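Enquirer: With the first letter of the sequence shown counted as 1, position 40 gets the number 817 in this note's numbering; the numbers rise by one all the way through.
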Amino acid sequence: MKIVNEVLKISTGSGVDIHDINREIRDLLRSHEISNGLAVVSSRHTTTALSINEFEERLVADIKTFIGELIPAGRRWLHNDIELRDCPEDEPENAHSHLAAMLLGSSESIPVVDGELQLGTWQSVLFIELDGPRERSITLQLWGE
């Protein structure tokens with residue numbers, strides 16, 4: 778069995794920014810000739826998330842609205858008391874982003890059969906930026922043969 782470790786780099790936009798990363802994962806499966814196994818995808822940041830869902834323009838807008846209404850940025854969060862924490866002066870007030878990341882999750886494991894991610898017709902692996910814009914990294918570990 779082969780185990781391959783890769784890192785995807787993504788430049789994200791402002792606020793909540795959602796990226797479909799299926800193509801990048803499929804390209805890596807092909808380049809490493811993994812036909813059957815598992816793709817483990819993991820975010821390396823505390824203010825980003827990964828999820829499997831549909832990447833459709835209106836749903837993406839709904840996801841952004843839902844996150845904003847569920848965990849409002851303007852609410853008083855203790856983590857945002859920058860002056861009471863040991864952190865850089867330019868630290869953003871981003872407690873809402875940390876909380877959303879906890880709810881959404883930071884990794885996904887997807888079976889690979891005959892070189893294809895075993896996802897449903899409308900499913901995509903979504904990388905969700907919650908505190909952009911930033912340069913982000915996603916770890917992929919591909920297991921298989």
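C-beta: ideal position from N, C-alpha, C; glycine also. These numbers come from a predicted model, not from an experiment.
#1: Answer yes or no: do Q895 and I829 have a C-beta to C-beta separation smaller than 7 Å?
#2: Between D863 and L855, what straight-line distance do the alpha-carbon atoms span, to the nearest angstrom?
#3: Looking at the structure shown, is N813 part of a helix, part of a strand, or coil, going by DSSP?
#4: Would you list the residues sitting across from I915 in a DSSP beta bridge?
#5: Pull the bridge partners of D794 from the DSSP assignment, please.
#6: From N920 to A816, what does the alpha carbon distance come to, in whole angstroms?
#7: In terms of residue numbering, what span does the beta strand (DSSP E) encompassing E834 cover?
#8: Rounded to whole angstroms, what is the Cα-Cα separation between L903 and V837?
#9: Is there contact between the segment 782 to 797 and the segment 909 to 919, where contact requires at least three CB pairs shorter than 8 Å?
#10: Do I905 and A826 have their CB atoms nearer than 7 Å?
#11: Assuming I802 contacts L881 (C-beta within less than 8 Å), just tell me the rounded distance between them.
Expert: Quick answer:
#1: No; because the gap between Cβ atoms is not below 7 Å, this pair is not in contact.
#2: Spanning the alpha carbons of D863 and L855 requires a straight line of approximately 13 Å.
#3: N813 falls in the coil class under three-state DSSP.
#4: Per DSSP, the beta-bridge partners of I915 are L785 and S820.
#5: Answer is E906.
#6: It should be pointed out that residue 920 corresponds to Trp in this sequence rather than to Asn. The C-alpha of W920 lies about 6 Å from the C-alpha of A816.
#7: Per DSSP, E834 belongs to no beta strand (DSSP E); it is in the alpha helix (DSSP H), E834 to L847.
#8: Their backbone Cα atoms lie some 10 Å apart in a straight line.
#9: Three or more beta-carbon pairs drawn from the segment 782 to 797 and the segment 909 to 919 are found closer than 8 Å, and the two stretches are therefore classed as touching.
#10: Their beta carbons are under 7 Å apart, which means I905 touches A826 by this criterion.
#11: Their Cβ separation, rounded to whole angstroms, is 18 Å, which puts I802 and L881 out of contact at 8 Å.
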